[in-house]
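J.: Have a look at the structure that comes next, please.
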Amino acid sequence: MLKRWLSRFTGLFDPTGVKKYITQVTLILVSLFIATRADRCREAAKDQVKLKEYLTAVQQDLDAELETDEMNLNDCKRDIQCLFRFMQLSKYESRDSLFNAFSNFAEVYQRGVFRAFPPSTYDIMVQTGDVSLIKDLKLRNTLASVFAFRQNVVQKDLQDFDQQTQICAEKLGRFLDLGQMFSESNRPFLLDEQGFRNTPHNEVFILLRMANLRGFHLDVAAEDLRAARKTLDEYLKKI
60 MLKRWLSRFT GLFDPTGVKK YITQVTLILV SLFIATRADR CREAAKDQVK LKEYLTAVQQ
120 DLDAELETDE MNLNDCKRDI QCLFRFMQLS KYESRDSLFN AFSNFAEVYQ RGVFRAFPPS
180 TYDIMVQTGD VSLIKDLKLR NTLASVFAFR QNVVQKDLQD FDQQTQICAE KLGRFLDLGQ
240 MFSESNRPFL LDEQGFRNTP HNEVFILLRM ANLRGFHLDV AAEDLRAARK TLDEYLKKI
């Protein structure tokens, strides 16, 4: 009975029409599949171009940051030398030694540590969500670490050092006139030599420690930047 019912049901359809219908539906599905694949390929190609542009800009950021860190590291080494000389020379009794001691501190104060920290290309990628274009998790983590260290450690070191330099200048300023030191006048620059000699200057020691820590962090940052640059160069060769 079931066979008879199926026979009657299939008899309602024209075999030729059914074949045409199936063929048309198949062609539509295949066309949709091809169109979808083509659209995905176009989007993937666009993403690849965008990623390469981003990473080329990141390369430039890494180079610029490395150059800046190396310049700051040279300044930091000079600051350490000057502060160490200050602590040595300020122990001697002669006025010339004191003049040279404060000249070294004045050099640190005048040099300063100011630099800009504009958003990097990687930071922009994170903010826009385009960081997901980097499929290599090792590369993504490497870049995230480098730029986080830049913002959280290097920048903070400079701010702390600048703040402590101001504290030193204010405390030492009670005993001398820095402006008078470098004038052509014969007036003495020391306002209270005895007070200076009888007062401990731990603020300078703290500044020296900050300079050493800053130098260590800059050295670490430079090494990490070189490693990140190498990893990025290798990745760009593959895409």
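If you're matching positions, the sequence shown starts at 60 in the working numbering and goes up one per residue. Don't be surprised by glycine CBs; every beta carbon is placed ideally from N, CA and C.
1. So, are the CB atoms of aspartate 219 and methionine 269 less than 7 Å apart?
2. Which residue from Leu277, Asn200, Asp120 and Ile226 puts its Cα closest to that of glutamate 262?
3. CB-CB under 6 Å to asparagine 200, same chain, minus the five flanking residues each way: which ones, in chain order?
4. Put phenylalanine 72 into one of helix, strand or coil per three-state DSSP.
5. By the 10 Å Cβ neighbour count, where 16 or more other Cβ atoms means buried, how is asparagine 163 classified, buried or exposed?
6. Please name the residue or residues paired with leucine 249 in a DSSP beta bridge.
7. Compare the Cα-Cα distances from valine 117 to each of Leu235, Thr224, Val212 and Leu202 and report the closest residue.
8. Can you tell me whether valine 167 is buried or exposed, with buried defined as 16 or more other CB within 10 angstroms of its CB?
9. Tell whether a beta-carbon distance below 7 Å holds between arginine 273 and cysteine 135.
10. DSSP state of glycine 171, grouped into three classes?
11. Tell me which residue opens and which closes the alpha helix (DSSP H) that aspartate 283 is part of.
12. Exposed or buried, threonine 180, counting other C-beta atoms within 10 Å across all chains shown (16 or more means buried)?
13. At the level of alpha carbons, what is the spacing between phenylalanine 92 and lysine 105?
14. Figure out for me which residue from Arg246, Val205, Leu114 and Leu266 has the closest Cα to the Cα of alanine 19.
15. Taking the continuous alpha helix (DSSP H) assigned at lysine 194, which residues delimit it?
T.: Let me spell this out:
1. yes
2. Ile226
3. none
4. Summary for phenylalanine 72: the model assigns pLDDT 49, below 50, so the residue's position carries little reliability; its value from the coordinates is reported in the next sentence. Phenylalanine 72 falls in the coil class under three-state DSSP.
5. buried
6. Its beta-bridge partners are Leu235.
7. Relative to the Cα of valine 117, the nearest Cα in the group Leu235, Thr224, Val212 and Leu202 belongs to Leu202.
8. buried
9. Yes; because the gap between Cβ atoms is below 7 Å, this pair is in contact.
10. coil
11. 261-297
12. buried
13. Reliability of the predicted coordinates at phenylalanine 92 is poor, the pLDDT of 47 falling under 50, and no value is obtained from them.
14. Missing from the structure shown is residue 19; the chain here goes from 60 to 298 and no further.
15. First-last for lysine 194: undefined, no H or E at that position.
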